[in-house]
Amino acid sequence: MSNSFFRFKKFTIQQDRCAMKVCTDSCILGAWTAGRLQGAARVLDIGTGTGLLPLMLAQKTGATLDTIESDPEAVVQAGENIRQSPWAGRIRLLAGDVRTYPFTSFYDFIIANPPFFESDLRSPVDKKN
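If you're matching positions, the sequence shown starts at 89 in my numbering and goes up one per residue.
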């Protein structure tokens, strides 16, 4: 069983209510992306899950971040993680489906870490698919 939390140096991710837990690929993606965002003022994270990627990006950049999630339990958990962080004032959590959400902003950069397999290697947990 996964831990119910994942502790970083400057923030902690609670993940007991999210289908997708903190994993190596999400940490690498966040670190790699943060190094390439210099000058990006507005960033959108699609499918935030726990809120890990916007927290990593807020820690390393001065960007303002919008993050969207469609799973109600993940929205609650991401909101808690964001509010507990030192960067809560720069991260706005949106609840909804990115395909139909009425965005009113333009973004300099968009990031997503979706499941990598659509029809193969399906999980018995529907939220992971």
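For each residue, glycine too, the CB sits at the ideal point set by N, CA and C. Predicted, not measured: the structure shown is a model, and the values here were computed from it.
Residue nearest to residue i in terms of C-alpha spacing, selected from the options
{"i": "A128", "options": "K148, L117, D185", "result": "K148"}
{"i": "G135", "options": "A122, C111, I156", "result": "I156"}
{"i": "A179", "options": "D159, V164, A151, M108", "result": "Residue identity check: residue 179 is Ile in the sequence provided, not Ala. Here the closest residue by C-alpha is A151."}
{"i": "G184", "options": "V163, S158, V131", "result": "S158"}
{"i": "C181", "options": "N201, T138, W120, R187", "result": "It should be noted that the sequence gives Leu, not Cys, for residue 181. Of the candidates N201, T138, W120, R187, the one whose C-alpha sits nearest the C-alpha of L181 is T138."}
{"i": "R95", "options": "M144, R187, L117, P202", "result": "M144"}
{"i": "K97", "options": "C115, T121, V131", "result": "C115"}
{"i": "K109", "options": "F93, L117, I198", "result": "F93"}
{"i": "V163", "options": "A119, L140, G123", "result": "L140"}
Euclidean distance between Cα positions of residue i and residue j
{"i": "C106", "j": "E161", "result": "7 angstroms"}
{"i": "P65", "j": "Y189", "result": "Nothing about residue 65 can be read from this structure; the chain reaches only from 89 to 217."}
{"i": "Q126", "j": "A146", "result": "12 angstroms"}
{"i": "L117", "j": "V186", "result": "20 angstroms"}
{"i": "F99", "j": "G167", "result": "14 angstroms"}
{"i": "N91", "j": "G177", "result": "27 angstroms"}
Burial state of residue i (16 or more Cβ within 10 Å)
{"i": "I101", "result": "buried"}
{"i": "A200", "result": "exposed"}
Test item: CB-CB of residue i and residue j under 9 angstroms
{"i": "F197", "j": "T112", "result": "no"}
{"i": "L132", "j": "D104", "result": "no"}
Residue i at chain D interface by Cβ criterion, 9 angstroms
{"i": "L140", "result": "The structure shown contains no chain D, having only a single protein chain."}
> Would you say the stretch 171-179 touches the stretch 193-204, given that touching needs at least three Cβ pairs under 8 angstroms?
Replying inline: Flag = no, the stretch 171-179 and the stretch 193-204 do not touch.
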